[in-house]
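What follows is a set of notes on a single structure, which appears directly below.
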Amino acid sequence: MKNINDKNGFTLVELLAVIVVLAIIISIAVPASISISNRAKEKMYKTKVEMIENAGKLYAQDNPSSVTNDTCEIRVKNLIEDGYLKADEDKKVLNPKDKSSMNDECINLYKKNGRFYAEFNGNTVTKNSDSTINGSSTPTNGSSSVPSTGNNSSANSKSNDATLSNILLIGEYSLSPTFNSSVTHYSVTVPYSATSLGTISTVPNDRNASVAITGNSSFSVGTNNRVTIRVTAEDGTTTKTYTIDVTRSSASYGS
1 MKNINDKNGF TLVELLAVIV VLAIIISIAV PASISISNRA KEKMYKTKVE MIENAGKLYA
61 QDNPSSVTND TCEIRVKNLI EDGYLKADED KKVLNPKDKS SMNDECINLY KKNGRFYAEF
121 NGNTVTKNSD STINGSSTPT NGSSSVPSTG NNSSANSKSN DATLSNILLI GEYSLSPTFN
181 SSVTHYSVTV PYSATSLGTI STVPNDRNAS VAITGNSSFS VGTNNRVTIR VTAEDGTTTK
241 TYTIDVTRSS ASYGS
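Per our numbering, residue 1 is the first one in the sequence shown, and the count goes up by one each step.
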């Protein structure tokens, strides 16, 4: 083929070669980016389902007369209306995969051997699915407390249980190491674009324990960021503190 020079000195063959290389790069990079995004959305979806199931089991605990050994159903929107689940926006819980409303999705509730169970669309993903649920959901300022396994205090004494049974990061970030009730210190790395961990959902071991979360905002670049989760037991004096050290990447590593 006869080379045809353009004004900048490139031949037609060279220009075609550049176009081919760019096409190859795009064909590799775009699917990889989509795959990463899909994995993050799937993780967020599973976490959202876990929160919905926790809320469903909490509803069952508070309304035992409506739950028998046979399966009954409640919709996500009912959990929102009754205060067991916090809406994302406009009184709706949104599916992280496509931002569609999950309000009309059903949760199956049932009781077996004295324990309450909740299954979202028949698929259980909650780690504590075989535990009796006690407590109430109290979302506040980007964090939420969703009590789980029930160490109920008796009428004559107040519990000194200040432990958590789970810490959930509602987003693409993950705790390191994976949560364990005996571990109180964790770490997370976030991109430069992140200035907080987003919503943090805590699951107290005792329904009457209170949780306060501080430091989850205005992260600086580097390692000088710490989120503190302070749990106060029902007795008002016993406390336990969990910490998450956050490393925020510099701008040079992208957003």
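Glycine is no exception: its CB is placed at the ideal position from the N, C-alpha and C atoms.
Problem set entry | Unbroken alpha helix (DSSP H) run spanning N166, endpoints | In the sequence shown, counting from the first residue as 1, residue 166 sits at position 166. Where N166 is concerned, there is no enclosing alpha helix (DSSP H), although the beta strand (DSSP E) it sits in stretches over L164 to I170.
For this session: Can you check DSSP and say which residues form a bridge with G222?
Result: Position 222 of the sequence shown holds residue 222. R248, per the DSSP bridge assignment.
For this session: Please state whether DSSP places A212 in a helix, a strand or coil.
Result: Taking the sequence shown and counting its residues from 1, one reaches residue 212 at position 212. For A212, the secondary structure class from DSSP, reduced to helix, strand or coil, is strand.
For this session: Return helix, strand or coil for T238, following the three-state DSSP convention.
Result: Residue numbering aside, residue 238 sits at position 238 when the sequence shown is read from its first letter. Here T238 sits in coil by DSSP.
For this session: Within the same chain, show all residues whose beta-carbon is closer than 6 Å to that of E119, passing over the 5 residues directly before and after it, in chain order.
Result: Locating residue 119 in the sequence shown gives position 119, counting from the first residue. Apart from the 5 residues on each side of it in sequence, E119 sits with its Cβ closer than 6 Å to the Cβ of N108 in its chain, given in chain order.
For this session: Leaving out five residues on either side along the sequence, give the residues of the same chain with a beta carbon under 7 Å from the beta carbon of Y45.
Result: By 1-based counting over the sequence shown, the position of residue 45 is 45. Only N95, P96 and K97 meet the Cβ criterion.
Exercise. Helix, strand or coil for R207 per DSSP?
Worked result: Locating residue 207 in the sequence shown gives position 207, where the first residue counts as 1. Of the three classes helix, strand and coil, the one that applies to R207 here is coil, per DSSP.
Exercise. Within 10 angstroms of its Cβ, does S201 collect 16 or more other Cβ (buried), or is it exposed?
Worked result: One-based indexing of the sequence shown puts residue 201 at position 201. The Cβ neighbour count for S201, taken over all protein chains shown within 10 Å, is at least 16; the residue is labelled buried.
Problem set entry | 6 Å CB neighbourhood of S176 in its chain, flanking five on each side removed | Reading the sequence shown from its first residue, position 176 is the one you call residue 176. Correct list, in chain order: S187.
For this session: Could you check what DSSP says for N103 in three-state terms: helix, strand or coil?
Result: One-based indexing of the sequence shown puts residue 103 at position 103. N103 falls in the coil class under three-state DSSP.
Problem set entry | Strand pairing of N108, partner residues [DSSP] | Position 108 of the sequence shown, counted from the start, is the residue given in the question as residue 108. Under DSSP, N108 shares a beta bridge with E73 and E119.
Exercise. How would you write the range of the beta strand (DSSP E) that V188 sits in, first residue to last?
Worked result: Numbered from its first residue, the sequence shown carries residue 188 at position 188. DSSP places V188 inside the beta strand (DSSP E), whose first and last residues are H185 to V190.
Exercise. Does the ligand MN have even one heavy atom less than 8 Å from the beta-carbon of M51?
Worked result: Summarising the ligand content, the structure contains no ligands, and the ligand MN is consequently not present.
Problem set entry | Chain-order list of residues whose beta-carbon lies under 6 Å from that of A259 (same chain, five-residue window excluded) | Outside the shown range of the chain (1 to 255) lies residue 259, about which nothing can therefore be said.
Exercise. Should K57 be labelled buried (16 or more other beta-carbon atoms within 10 Å of its own) or exposed?
Worked result: As a working mapping, residue 57 is identified with position 57 in the sequence shown. Label assigned to K57: buried.
Exercise. Beta-carbon separation of V203 and G215 under 9 Å?
Worked result: Translated into positions along the sequence shown, residue 203 becomes position 203. Translated into positions along the sequence shown, residue 215 becomes position 215. The answer is no: Cβ separation not under 9 Å.
Exercise. Near G236, what residues of its chain come up, given a Cβ to Cβ distance below 8 Å and the 5 sequence neighbours on each side ignored?
Worked result: As a first step, residue 236 is located in the sequence shown; it is residue number 236 there, counting from the start. Result list for G236: K158, in chain order.
Exercise. Tell me, which residues are paired with K46 by DSSP?
Worked result: By 1-based counting over the sequence shown, the position of residue 46 is 46. Beta-bridge pairing by DSSP links K46 to no other residue.
For this session: Could you tell me which residues DSSP pairs with T228 in its beta bridges?
Result: Residue numbering aside, residue 228 sits at position 228 when the sequence shown is read from its first letter. Checking the DSSP bridge columns, you'll see T228 partnered with T214 and T243.
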